[in-house]
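Under the numbering used here, the letters of the sequence shown match residues 1 to 219, in that order.
Worksheet: the structure to be examined is printed underneath.
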Amino acid sequence: MKFPEKIKKIIGTRAYTENTVGKSGAQVLCFDDMVLKIGAREEEAAMMEWLSGRLPVPEILACEREEGVLYLLMSKLKGEMLCAHIYLCRPELLTELLAEGLKLLWSVDPSGCPCAHATNQKLKLAESRVENGLCAREGVRAPERLLAWLKTHQPAERPAFTHGDCCLPNLFTDGKKITGFLDLGACGIADPYQDIALAYRSLRDNLCGKYGGIPQPGG
């Protein structure tokens, strides 16, 4: 596999495994002490840099663009994903850790945050996708009507720093506390209920065995 020269000098001939968890579309190579994300978003690198010292996030070791592809080499987070079997088998502990992660995110002072994802911005993006026929229609009979309803019933927002994709695989723990946050490309100023909604869905789907795990009682 071909890598940019600066990154090649750092990783050398080290062995790696490919991580296929997640739906970002990027290729993720895991080394013993670092991770290379091929096809990362500019926003992820920007947020990772901004969050350094504010939250436990990976350290950027190198960030290079080659032939239109962004290569982001970062340090490896300590601990395991919240979706690890050991935590799915202990729903009460899992829920406590997830709640801690949410509180940590919302404790960040959003002043100077380089990214924002207000609801009206998301509705404009949704409108563009509907107009260009780019939205999936599974489970939605009339996207146009849904969009109109959302515009009419847009709730008041309470801006805060949010993760934007607060799912179990994106939070790491040592079993006692949250040790890190991953996949930061959607981070920014937004309504915290977005994090709550995605965290709840991820918790529900993982506990009911949707992703191949053993369904847990009450999941």
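Using N, Cα and C, we set each Cβ at its ideal position, and we do this for glycine too.
Computed from a predicted model, the values in this text were never measured in an experiment.
With respect to the C-alpha of E96, the residue from A148, C208, L203 having the closest C-alpha is L203.
In this structure, the beta-carbon distance from T162 to P143 does not fall below 7 Å. Contact between A40 and A26 holds, since their C-beta atoms are separated by about 6 Å, short of 8 Å.
Nearest Cα to L61 within the set G180, P110, I11, V108: I11.
When DSSP states are grouped into helix, strand and coil, M1 belongs to the coil group. M1 counts as exposed, since fewer than 16 other beta carbons sit within 10 angstroms of its beta carbon. Contact between the region 75–84 and the region 48–58 is present, with at least three C-beta pairs closer than 8 Å. Residue range 178–181 is occupied by the beta strand (DSSP E) that includes G180.
Between L168 and C30, the CB-CB gap reaches or exceeds 7 Å. Nearest to R65 by C-alpha distance, out of P91, K37, E49, is K37. DSSP links L73 through a beta bridge to L36, A62. Remark: fewer than three beta-carbon pairs, one from each stretch, lie closer than 8 Å, so the region 109–118 and the region 196–210 are not flagged as touching.
In the three-state DSSP reduction, Q27 falls in the strand class (E or B).
For N132, the number of other beta carbons within 10 angstroms of its own is below 16, and it is reported as exposed. Minimum Cα-Cα distance from Q154 among the listed residues V21, R129, K122, G101 corresponds to K122. CA-CA distance, K8 to V35, rounds to 13 Å. Annotation: G53 to Y16 spans about 28 Å, alpha carbon to alpha carbon.
Just measuring C-alpha positions, the residue of R14, V21, L94, N19 sitting nearest K176 is L94.
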